[in-house]
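One structure below.
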Amino acid sequence: MEGTELHTFSYISVLPQDVLLEILFLTRDLYSEHHKTQFCHDATAVSFSWREMLHSTPLWWNELYIPFLTNLDLTRRHLTLGKQTALRLEISEPNIFVDADEMTDLIDIIMPHLKRCWYISFEGEVDDETAFHLIITESLLSNPDLPLLRHLTLNVTGVTNDEVDIPRLFPPWKSLATLRLGGSIVKHLKPPMPQITRLHLSSGPHGEQIPFSEFGEILISCPSLTLLALYEDVLSHHHKVADQHITHINLESIFILGNMLNISEFLIYVDAPNLRELVMAPIVESDFRKLADRPLSAFQNKFQSLTKLTLGPARSSALIQWHMMADYFPNVETLIFANVYPIQFRKLFMRRPGLFPKMKHLGVEDVNEAFVPIVINFARQRTEQCEGVAVRLERLSIDSGSYENMRDVVEENEQRLGKLGLEVVCADLWEEQRLQAMYTKDKRLFLGETDVETESDTDTDTDTDTDTDDS
Numbered sequence: 001m002e003g004t005e006l007h008t009f010s011y012i013s014v015l016p017q018d019v020l021l022e023i024l025f026l027t028r029d030l031y032s033e034h035h036k037t038q039f040c041h042d043a044t045a046v047s048f049s050w051r052e053m054l055h056s057t058p059l060w061w062n063e064l065y066i067p068f069l070t071n072l073d074l075t076r077r078h079l080t081l082g083k084q085t086a087l088r089l090e091i092s093e094p095n096i097f098v099d100a101d102e103m104t105d106l107i108d109i110i111m112p113h114l115k116r117c118w119y120i121s122f123e124g125e126v127d128d129e130t131a132f133h134l135i136i137t138e139s140l141l142s143n144p145d146l147p148l149l150r151h152l153t154l155n156v157t158g159v160t161n162d163e164v165d166i167p168r169l170f171p172p173w174k175s176l177a178t179l180r181l182g183g184s185i186v187k188h189l190k191p192p193m194p195q196i197t198r199l200h201l202s203s204g205p206h207g208e209q210i211p212f213s214e215f216g217e218i219l220i221s222c223p224s225l226t227l228l229a230l231y232e233d234v235l236s237h238h239h240k241v242a243d244q245h246i247t248h249i250n251l252e253s254i255f256i257l258g259n260m261l262n263i264s265e266f267l268i269y270v271d272a273p274n275l276r277e278l279v280m281a282p283i284v285e286s287d288f289r290k291l292a293d294r295p296l297s298a299f300q301n302k303f304q305s306l307t308k309l310t311l312g313p314a315r316s317s318a319l320i321q322w323h324m325m326a327d328y329f330p331n332v333e334t335l336i337f338a339n340v341y342p343i344q345f346r347k348l349f350m351r352r353p354g355l356f357p358k359m360k361h362l363g364v365e366d367v368n369e370a371f372v373p374i375v376i377n378f379a380r381q382r383t384e385q386c387e388g389v390a391v392r393l394e395r396l397s398i399d400s401g402s403y404e405n406m407r408d409v410v411e412e413n414e415q416r417l418g419k420l421g422l423e424v425v426c427a428d429l430w431e432e433q434r435l436q437a438m439y440t441k442d443k444r445l446f447l448g449e450t451d452v453e454t455e456s457d458t459d460t461d462t463d464t465d466t467d468t469d470d471s
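As numbered in the UniProt record's numbering, residues 1 to 471 make up the sequence shown, in order.
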């Protein structure tokens, strides 16, 4: 049957090689990230030309996503065709029973290829019944020979009698730079980890937590760390270290994503004098309540290099006390809103146009055409009232989806924008940050609840953002 299909005439086979290749790339882009493995096998069945092209180019086979249950023959074939390339390997198991024999067969298939993996991700249930723990304890963590491994994700739930001692293999894994741990496995994270530069820690669905004292040891054991991402309530109550703090001089980016209850405590506990980027989404008005008890100057010195701040208000009321953010982070030059409540934005920035006095760049997500005039009036008022106190707003970045819908409004206001020296550009600033996170499938995962604003949320009689004609 297969031989017959290979020699059946196909109109696609008469196309030039470069056209065939372009069609392949365009078709591949139609597949979701976790279905690109299936694309390779689908494409080989289309025509002899495509089959020959894919089989002769190992790079088409350098990514493998294995869901459970899976076709072991296709997995074996995929690994064989790409055996000359560095491999990105993702294995995911839903919450179902997986036969131990099938798991053993899979381990036998992937074991010879682990040493060419630069990226490994395991997500699933880890306990003695599902047998998913076998793939971690008997294949990955029993294999010190992973010279190319730069990225490791272990996002698991459940418990197993087998201790998962991750750090004991770090010395042989000298290339490992990114470590992302979620769920029950975070309890097994212990120092030292000198080569890690990007660390993600998530509590998972069962709320596994790390005590602040142990977290401090982890940070100290990662002297090369430049990015730290914390998810949900991964840090437990920190009363035992309430008067302590630690300093990490190499941290450049901190992501606090999900419903973390200890944001104030974390910001007090950690000193990062070279931090340039801070992302917090979602946030509510109470997240910074304990910061008011600290001297403002002392807090400003903790993050004196911070120039890029991203905030995701969970609801419109979260903006009420945001003038405090400008006091805590006075050197911010780029302010990004992961989501915007226009009425509260107008209320806050029109009343205090000098907020974030060094801000030159504003980035927003999911806005409509009415938001452009709001920013124009804010920029005008900032220029008129805050000269010598706050710098001029130079750029407004709007996500690509919103920008397409308001291109006409931007063009209509071109003269006003020019007089203000304000450039409006299309840039997905929040999306670029979001895609660095451990969880990317749900775009609204870190944006809190949907909150519809009404004009009653603001004091319209005191607003000064009338649509004056600057032309």
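The beta-carbon is built from N, C-alpha and C at its ideal position, and this holds for glycine as well.
Cut-off 7 Å between Cβ atoms - residues of its own chain near residue i, not counting five sequence neighbours on either side
i, result
"Cys426", "Ile398, Ser400, Tyr403"
"Ala370", "Pro342"
"Asp470", "Confidence at Asp470 is low in this model, with a pLDDT of 46, below 50, so the placement of that residue is unreliable and no value is reported for it."
"Gly421", "Arg392, Glu394"
"Leu445", "Tyr439"
"Pro147", "Lys115, Ser175"
"Leu429", "Ile336, Gly363, Ser397"
Residue interval of the beta strand (DSSP E) (run including residue i)
i, result
"Arg88", "87-92"
"Pro295", "Run containing Pro295: none; DSSP gives neither H nor E here."
"Gly182", "178-183"
"Ile254", "253-257"
"Ile66", "63-67"
"Ser202", "198-202"
"His113", "First-last for His113: undefined, no H or E at that position."
"His188", "Where His188 is concerned, there is no enclosing beta strand (DSSP E), given that its DSSP letter is neither H nor E."
"Lys308", "308-313"
"Thr153", "151-157"
"Ala318", "Here Ala318 belongs to no beta strand (DSSP E), and DSSP marks it neither H nor E."
"Pro282", "277-283"
"Glu423", "423-426"
C-beta contact flag for residue i and residue j at 8 Å
i, j, result
"Leu87", "Asn62", "yes"
"His200", "Leu219", "no"
"Gln433", "Val279", "yes"
"Leu72", "Asp105", "yes"
"Ser305", "Pro273", "yes"
"Leu257", "Ala281", "yes"
"Ala338", "Leu267", "no"
"Pro251", "Leu228", "At residue 251 the sequence reads Leu, which differs from the Pro that was named. Taking 8 Å as the Cβ cut-off, Leu251 and Leu228 qualify as a contacting pair."
"Val340", "Val367", "yes"
"Leu20", "Cys40", "no"
"Trp173", "Leu154", "no"
"Glu285", "Ile320", "yes"
"Thr307", "Arg276", "yes"
Residue range of the unbroken alpha helix (DSSP H) whose run includes residue i
i, result
"Arg416", "414-420"
"Tyr269", "263-269"
"Cys40", "36-44"
"Leu79", "72-81"
"Ala326", "323-328"
"Val19", "17-29"
"Leu429", "429-434"
"Arg51", "48-55"
Contacting residues, own chain, Cβ-Cβ under 6 Å from residue i (five flanking each side not counted)
i, result
"Met260", "Asp233"
"Asp465", "Residue placement at Asp465 is flagged as unreliable, the pLDDT there being 42, under the threshold of 50; a coordinate-derived value is accordingly withheld."
"Leu64", "Thr37, His78, Leu89"
"residue 501", "The chain is shown only over 1 to 471; residue 501 falls outside these bounds and no answer can be derived."
"Gly216", "Ile246"
"Tyr328", "Phe299"
"Glu423", "Arg395"
"Thr468", "Caution applies to Thr468, whose pLDDT of 43 falls short of 50 and renders its modelled position unreliable; the model cannot decide the point."
"Cys386", "Pro353, Gly354"
"Asn143", "Leu114"
Residues near residue i in its chain [Cβ-Cβ closer than 8 Å; skip 5 each side]
i, result
"His323", "Leu348, Arg352, Leu355"
"His84", "As written in the sequence, residue 84 is Gln, which differs from the His given in the question. These residues qualify, in order along the chain: Pro58."
"His34", "Tyr65, Pro67, Glu90, Ser92"
"Thr458", "For Thr458, the pLDDT reaches just 42, beneath the cut-off of 50, and the residue's location in the model is therefore unreliable, although a value from the coordinates is still provided. The residues are Ile343, Gln344, Arg346, Lys347."
key: Contained beta strand (DSSP E) runs [length at least 3] in the stretch 332-418, N- to C-terminal order   = Runs found: 334-337, 361-364, 395-398.
inquiry  = Check whether the stretch 333-340 and the stretch 288-301 are in contact - that is, three or more C-beta pairs closer than 8 Å.
reply    = Contact annotation: the stretch 333-340 does not touch the stretch 288-301, with fewer than three C-beta pairs closer than 8 Å.
task = Could you tell me which uninterrupted alpha helix (DSSP H) segments, each at least 4 residues in length, are contained entirely in the stretch 208-247, listed from first to last along the chain?
result = 212-220
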